[in-house]
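Visitor: In the order they appear, the protein sequences are chains A and B. In terms of the working numbering, the first sequence is residues 12 to 124. In terms of the working numbering, the second sequence is residues 58 to 170. No residue lacks a Cβ here, since even glycine has one placed at the ideal position from N, Cα and C. Computed from a predicted structure; not experimentally measured. Just dropping this structure here.
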Amino acid sequence: GNSVTQMEGPVTLSEEAFLTINCTYTATGYPSLFWYVQYPGEGLQLLLKATKADDKGSNKGFEATYRKETTSFHLEKGSVQVSDSAVYFCALSDQASSYKLIFGSGTRLLVRP
Amino acid sequence: DGGITQSPKYLFRKEGQNVTLSCEQNLNHDAMYWYRQDPGQGLRLIYYSQIVNDFQKGDIAEGYSVSREKKESFPLTVTSAQKNPTAFYLCASSNLYSNQPQHFGDGTRLSIL
Chain A
12 GNSVTQMEGP
22 VTLSEEAFLT
32 INCTYTATGY
42 PSLFWYVQYP
52 GEGLQLLLKA
62 TKADDKGSNK
72 GFEATYRKET
82 TSFHLEKGSV
92 QVSDSAVYFC
102 ALSDQASSYK
112 LIFGSGTRLL
122 VRP
Chain B
58 DGGITQSPKY
68 LFRKEGQNVT
78 LSCEQNLNHD
88 AMYWYRQDPG
98 QGLRLIYYSQ
108 IVNDFQKGDI
118 AEGYSVSREK
128 KESFPLTVTS
138 AQKNPTAFYL
148 CASSNLYSNQ
158 PQHFGDGTRL
168 SIL
C-alpha cells in the first residue's frame, strides 16, 4: 500500500540556517504530494503542494520538488526563523487511496535565536 | 471567510460517558475526515465520509461513531467503549480529487476526568 516516510526529529537549527526535511514515498499510482505545518496547539495548515513529477511547490520561503525517479519530496528553506518552529508533515493522496491523505509521522523543527 | 469550525476546543469526559465533538465546514467540500493525534505522534484516521449519509471506517474506528446527515456537518462521538480517549482530535474536509488539499480545523483536546 501507499506510505510516506519522514526523517525523525527533532531537528534543531540556529536562526538563518539552511533546512532540509527528507520525505520519501511509496505509491502505486501518480500521487499528489503535500507538506503541512502544525504550530503548537493548532490544526494543520497546508504549506505547499505538487501534483505531478518535477513540479516545485513553494510558499513562505519553503520549497519542495516532486522527484518521481527518487520518489522524494524533500522540504527546504534557505534561512529559517524562530517562527518556523513547528511540526512538519509530509503527505500523499491518490485515487488508489480513495483520495485519503497518507501522512508521514511528522518532523519537529526547533529554531534557536 | 470559509473554513472549518470545531467545537469545543477543550472537552472532558467522565468514565462511562459518551461525548460528541462538533465539526462544521462552509467550504462546500464533499469529503470530511476525523483524525486522532496523540502527543508527539502523527495523525491516525478514525472515520471519513465522501457523501452525505455515507461514511467509512478508517484505521482506528473502534470506540467511535459518526454521522453525516448534512454536507456541512460531520460530528464524532467518542463512546464509553473507547478506553483511551485522551487525545487531540482534528477534523478536515476536501474536494474529491487527489490534487486537492485537505483543510483542517483547530482541533478539540479531549481529556478524562
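Expressed to the nearest angstrom, what Euclidean distance is found between the alpha-carbon atoms of ILE61/B and GLY115/B?
Guide: 20 Å
Visitor: Where SER64/B and GLY164/B are concerned, what is the direct C-alpha to C-alpha distance, given to the nearest angstrom?
Guide: 8 Å
Visitor: If you draw a straight line from the C-alpha of CYS148/B to the C-alpha of THR81/A, how long is it?
Guide: 32 Å
Visitor: Mapping DSSP to helix, strand and coil, what is ASP95/A?
Guide: ASP95/A: helix per DSSP, three-state reduction.
Visitor: Compare the C-alpha of LEU167/B against each of GLY59/B, ASP87/B, PRO96/B and name the closest.
Guide: Comparing Cα positions, the closest option is PRO96/B.
Visitor: Comparing the C-beta of ASN85/B with each C-beta of chain A, is any distance below 7 Å?
Guide: no
Visitor: Do you know offhand how far ALA138/B's Cα is from VAL91/A's?
Guide: 45 Å
Visitor: In whole angstroms, what is the alpha-carbon distance linking TRP46/A and PRO158/B?
Guide: 10 Å
Visitor: Which residue wins for smallest C-alpha separation from SER96/A, given the options LEU30/A, THR62/A, ALA61/A, SER43/A?
Guide: LEU30/A
Visitor: Near LEU24/A, which residues of its chain fall below 8 Å by C-beta distance, leaving aside the five closest residues on each side in sequence?
Guide: LEU30, VAL91, LEU120, LEU121, VAL122, ARG123
Visitor: Closest by CA to GLU87/A, which one among GLY72/A, LYS79/A, PHE100/A, SER94/A?
Guide: GLY72/A
Visitor: Could you name the residues of the same chain whose beta carbon sits closer than 6 Å to that of THR77/B, not counting the 5 residues immediately before and after it, in chain order?
Guide: PRO132, THR134
Visitor: Spell out whether any CB of chain A is found under 7 Å from the CB atom of GLN159/B.
Guide: Chain A, which has a Cβ nearer than 7 Å to the Cβ of GLN159/B, makes this yes.
Visitor: Excluding sequence positions up to five away, which residues of its chain have a Cβ less than 8 Å from the Cβ of ALA13/A?
Guide: In the sequence as presented, Ala is not what sits at residue 13/A; that position holds Asn. Result list for ASN13/A: TYR36, THR37, ALA38, THR39, PRO42, LEU103, ASP105, ALA107, SER108, ILE113, in chain order.
Visitor: Which of helix, strand or coil does DSSP assign to GLN159/B?
Guide: coil
Visitor: Looking at the C-beta of TYR110/A, does it have a partner C-beta in chain B at a distance below 7 Å?
Guide: Nearest CB-CB separation between TYR110/A and chain B: below the 7 Å threshold.
Visitor: If the cut-off is 9 Å on Cβ atoms, which residues from the region 36-56 of chain A count as contacting chain B, listed in chain order?
Guide: GLY40, TYR41, PRO42, SER43, PHE45, TYR47, GLN49, GLY52, GLU53, GLY54, LEU55, GLN56
Visitor: In angstroms with no decimal places, state the Cα-to-Cα distance between TYR77/A and GLY162/B.
Guide: For TYR77/A and GLY162/B, the distance between alpha carbons rounds to 27 Å.
Visitor: With the cut-off set at 7 Å, would you say CYS34/A and PHE100/A are in Cβ contact?
Guide: For CYS34/A and PHE100/A, no; Cβs fall outside 7 Å.
Visitor: What residues in the region 125-157 of chain B bring their beta carbon closer than 9 Å to a beta carbon of chain A?
Guide: PHE145, LEU147, CYS148, ALA149, SER151, ASN152, LEU153, TYR154, SER155, ASN156, GLN157
Visitor: Taking C-beta to C-beta, are LEU153/B and ALA88/B nearer than 7 Å?
Guide: yes
Visitor: Counting only Cβ pairs nearer than 7 Å, list the residues of chain A close to TYR105/B.
Guide: LYS111
Visitor: Which two residues bound the contiguous beta strand (DSSP E) that contains ASN70/A?
Guide: Element bounds for ASN70/A: 67-70.
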